[in-house]
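Per this note's numbering: the sequence shown = residues 5 to 214.
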Amino acid sequence: MNNLLEKYILDHIDEESEILKQLDRDAHVNLLRPRMLSGHLQGKILKMFCRLLQPKFILEIGTYTGYSALCLAEGAADDAEIHTIEINDELEDFIKKHLYKSKLKDKIHLHIGDAAQIIPDINCMFDMVFIDANKRHYIEYYNMIFDKVRQGGLIIADNTLWDGKVLETPHHTDKQTLGILEFNDMLVKDNRVEKVILPIRDGLTLIWKK
Ligand SMILES: C[S@@+](CC[C@H](N)C(=O)[O-])C[C@H]1O[C@@H](n2cnc3c(N)ncnc32)[C@H](O)[C@@H]1O
Numbered sequence: 005m006n007n008l009l010e011k012y013i014l015d016h017i018d019e020e021s022e023i024l025k026q027l028d029r030d031a032h033v034n035l036l037r038p039r040m041l042s043g044h045l046q047g048k049i050l051k052m053f054c055r056l057l058q059p060k061f062i063l064e065i066g067t068y069t070g071y072s073a074l075c076l077a078e079g080a081a082d083d084a085e086i087h088t089i090e091i092n093d094e095l096e097d098f099i100k101k102h103l104y105k106s107k108l109k110d111k112i113h114l115h116i117g118d119a120a121q122i123i124p125d126i127n128c129m130f131d132m133v134f135i136d137a138n139k140r141h142y143i144e145y146y147n148m149i150f151d152k153v154r155q156g157g158l159i160i161a162d163n164t165l166w167d168g169k170v171l172e173t174p175h176h177t178d179k180q181t182l183g184i185l186e187f188n189d190m191l192v193k194d195n196r197v198e199k200v201i202l203p204i205r206d207g208l209t210l211i212w213k214k
């Protein structure tokens, strides 16, 4: 999407909440790779999915700053539980600083550690899962959570167009690009789900469990 069109969209959708604006500013000043956070447009889309589907149990793999977790919390019902997992413990203070300022904090359960270790210990059937961690391991995350998603639940995978690198030939051979390519090729053959890729931002795949 070109920058002017994105600006037009952002000017014609709901504004970011004050807490998300502050978090975004803080991330751009103080963190490496602030582009990793979902941002205004994708954040509103995540919020809208929660408004529409009213998931009670949500799992996010890859918290980073907590931006997307807060967006999910903004859209989810008051009694929803959002479990979000972040492997980088250096982010814990940053995440908590913004989370604790929010009146939505009680909905969000932050787990610091490797998703592979933590997911088996979360005893929930999820209505929605947002996969947004290490691109090398998307298939592993998907396999790990699949039986923990209820029938009719939604899995959302971010960055599935990987900045257009999925199209470039010869393909990039870095492990992240290969991880995304393998994930997309696996998913298209998985008849247990219906799926569509939204060409928003870096590609957002919606996966509905039959
Ligand atoms: C793209 S960022 C997440 C952005 C966030 N979901 C948002 O939209 O604002 C990916 C995050 O996943 C984390 N991560 C990578 N591997 C992980 C793992 N195995 N378990 C948990 N988190 C992981 C990284 O440290 C990074 O902070």
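Just so it is clear, CB atoms sit at the ideal spot from N, CA and C, and this is done for glycine as well.
Checklist entry - If you follow the alpha helix (DSSP H) that glutamine 121 is part of, which residue opens it and which one closes it? => result What you label residue 121 is simply residue 117 of the sequence shown in a count that begins at 1. Looking at the DSSP string, the run of the alpha helix (DSSP H) that includes glutamine 121 is 119 to 122.
Next on the checklist: Considering only their Cβ atoms, is the gap separating phenylalanine 61 from glutamate 230 smaller than 8 Å?
Outcome noted: Because residue 230 is not part of the residues shown, which for the chain are 5 to 214, the question remains open.
Checklist entry - Do glycine 79 and ligand 1 come close, with the Cβ less than 7 Å from some heavy atom? => result As a working note, residue 79 is residue 75 in the sequence shown. Not so, every heavy atom of ligand 1 lies at least 7 Å from the Cβ.
Checklist entry - So what does DSSP say about isoleucine 204, is it helix, strand or coil? => result On the sequence shown, residue 204 is found 200 positions in, with the first residue counted as 1. Note: isoleucine 204 maps to coil in three-state DSSP.
Checklist entry - What runs of the alpha helix (DSSP H), each 4 residues or longer, lie entirely inside the region 127 to 198? => result 142 to 150 and 179 to 192
Item to check | As assigned by DSSP and simplified to three states, the class of glutamate 96 | outcome: Position 92 of the sequence shown, counted from the first residue, corresponds to residue 96. Glutamate 96: helix per DSSP, three-state reduction.
Item to check | The beta strand (DSSP E) enclosing histidine 44, as first and last residue numbers | outcome: Here the question's residue 44 lines up with position 40 in the sequence shown. Note, histidine 44: premise wrong, no beta strand (DSSP E); alpha helix (DSSP H) at 43 to 57.
Checklist entry - Does the distance from the CB of tryptophan 212 to the CB of leucine 165 come in under 8 Å? => result On the sequence shown, position 208 is the one that residue 212 refers to. On the sequence shown, position 161 is the one that residue 165 refers to. The answer is no: Cβ separation not under 8 Å.
Item to check | Sequence-distant residues of its chain with Cβ nearer than 6 Å to glutamine 46 (five each side left out) | outcome: Residue 46 sits at position 42 when you count from the first residue of the sequence shown. These residues qualify, in order along the chain: Arg205.
Checklist entry - According to DSSP, is leucine 108 helix, strand or coil? => result Counted from its first residue, the sequence shown places residue 108 at position 104. If DSSP states are grouped into helix, strand and coil, leucine 108 belongs with coil.
Checklist entry - Who are the Cβ neighbours of phenylalanine 134 in its own chain at under 6 Å, not counting the five residues just before and after it? => result What you label residue 134 is simply residue 130 of the sequence shown in a count that begins at 1. Within the same chain, phenylalanine 134 has close Cβ partners Glu64 and Ile160.
Item to check | Unbroken beta strand (DSSP E) run spanning histidine 87, endpoints | outcome: Within the sequence shown, residue 87 is the residue found at index 83, counting from 1. From DSSP, the beta strand (DSSP E) with histidine 87 extends over 85 to 90.
Checklist entry - arginine 37 to asparagine 92, Cα distance in whole Å? => result Numbered from its first residue, the sequence shown carries residue 37 at position 33. Numbered from its first residue, the sequence shown carries residue 92 at position 88. When rounded, the distance between both Cα atoms is 13 Å.
Checklist entry - By how many angstroms is the C-alpha of aspartate 167 removed from the C-alpha of isoleucine 126? => result By one-based count along the sequence shown, residue 126 stands at place 122. By one-based count along the sequence shown, residue 167 stands at place 163. When rounded, the distance between both Cα atoms is 32 Å.
Item to check | Distance between glutamate 10 and glutamine 180 (C-alpha atoms, nearest Å) | outcome: Counted from its first residue, the sequence shown places residue 180 at position 176. Counted from its first residue, the sequence shown places residue 10 at position 6. Cα to Cα, the separation comes out at about 26 Å.
Checklist entry - Given leucine 202, which residues of its chain have a CB within under 6 Å of its CB, disregarding the five upstream and five downstream residues? => result Stepping through the sequence shown from its first residue, residue 202 is reached at position 198. Leu208, listed in sequence order.
Checklist entry - Looking at the structure shown, is lysine 25 part of a helix, part of a strand, or coil, going by DSSP? => result As a position in the sequence shown, residue 25 is number 21, starting the count at 1. Reduced to three states, the DSSP call for lysine 25 is helix.
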